[in-house]
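Reviewing the structure listed below.
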Amino acid sequence: MENKNEIDIISLIVWILNFFKRYFILIVVFIVLGISAGLIDFYFGRNYYNTKFIASSPVINNQIVYELVEPIKYYINHEMYDSVAQKLSLEEDVVKDIRKISIDTSLNQAVVIDMELYNKDNTELIKAGLINYINSIPYVISSIEGKRAELDKYLKDLNKEIAELNELQAAVLQSIEGNKANNITIDGMFNEMMLLYDRKLLLQAEYNSLQSFKVINNNMIFDAENSLMKSLLLFSVIGLFFGVVVSSILEVRRKVKLKQSETK
249 MENKNEIDII
259 SLIVWILNFF
269 KRYFILIVVF
279 IVLGISAGLI
289 DFYFGRNYYN
299 TKFIASSPVI
309 NNQIVYELVE
319 PIKYYINHEM
329 YDSVAQKLSL
339 EEDVVKDIRK
349 ISIDTSLNQA
359 VVIDMELYNK
369 DNTELIKAGL
379 INYINSIPYV
389 ISSIEGKRAE
399 LDKYLKDLNK
409 EIAELNELQA
419 AVLQSIEGNK
429 ANNITIDGMF
439 NEMMLLYDRK
449 LLLQAEYNSL
459 QSFKVINNNM
469 IFDAENSLMK
479 SLLLFSVIGL
489 FFGVVVSSIL
499 EVRRKVKLKQ
509 SETK
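In our numbering, the protein residues as written are 249 to 512.
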């Protein structure tokens, strides 16, 4: 059994060697065509750059933002640049530099927006247009305003409670001084006051953080997607693939003709 397997493997290797020997010139021709196509793509194709930026907001549900950006992606994929320009409030010539946009919502309270651009010069305009578009969405505006109104009410109630406690504490201090039992009462009121102030600080910090989306990384890195080595390698592999496919078709036809001639 082992000898038979060894013979089969050797036969397969011999067949492969004969196959490439028989169609060597054809395969080389396809590889050369692939290299030529790679050179044409590099020197005459339109290069583009890949970059990304991070926008953060502590209020908005990231998944909803993903769905809200889908129309922009749809317009870009279908080259509806007039609609993209209208949504982003940009000139149509600027948005034509956008090759592709994708959004990653896996971060907490932030989104990563990947952009493929044909021209680096309009990056800041496109970035600002995207942020303005997201922040002008009614859902984003209402979410921030609703949360602010809720916290504003809490802060007003808390300030009222602090004022009432201040008045009560002042009244107690005026009416009963030097009484040990009343000192305990005053200490309790002071502790309660400190808790209220701590709570107010937390609410105030949360209120101040309720902002629309802002870019939090300004140092954007650009990766050129078009390179000579990448183009040559990619198109050479494509040329090799088509060369092998065409050679295989010719080999099958040759085998069929041999079988037909043997039957005759």
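All C-beta atoms, glycine included, are put in the ideal place defined by N, C-alpha and C.
(Q) Mapping the DSSP letters down to three states, classify Lys344 as helix, strand or coil. (A) Coil.
Q. Can you give the beta carbon distance from Leu365 to Asp352, rounded, assuming they're within the 8 Å contact cut?
A. 17 Å between Cβ atoms; not a contact.
Q. Exposed or buried, what is Lys428 when buried is set at 16 or more other beta-carbons lying within 10 Å of its beta-carbon?
A. Note that Lys428 has pLDDT 49, beneath the 50 cutoff, so the model's placement of it is unreliable and no number is given.
Q. Roughly how many whole angstroms lie between the Cα atoms of Val500 and Val493?
A. Roughly 11 Å between the two C-alpha positions.
Q) Are the Cβ atoms of Val317 and Ile389 separated by less than 9 Å? A) Taking 9 Å as the Cβ cut-off, Val317 and Ile389 do not qualify as a contacting pair.
Q.
I'd like to check one pair, Ile361 with Ala285: are the Cβ atoms closer than 9 Å?
A. Not a contact, by the Cβ cut-off of 9 Å.
Q | Inter-residue spacing [alpha-carbon to alpha-carbon] between Gln311 and Met441 | A | Their backbone Cα atoms lie some 40 Å apart in a straight line.
Q: Taking only the alpha-carbon atoms, compute the straight-line gap between Leu448 and Leu336 and give it to the nearest angstrom.
A: Rather than Leu, the amino acid found at residue 448 in this sequence is Lys. Linking Lys448 to Leu336 through their CA atoms gives a straight-line distance of about 39 Å.
Q: Just mark Val280 as buried or exposed, buried being the case when its beta carbon has 16 or more other beta carbons within 10 Å.
A: Label assigned to Val280: exposed.
Q. Is it true that the CB of Leu406 sits closer than 9 Å to the CB of Leu458?
A. At least 9 Å separates the beta-carbon of Leu458 from that of Leu406.
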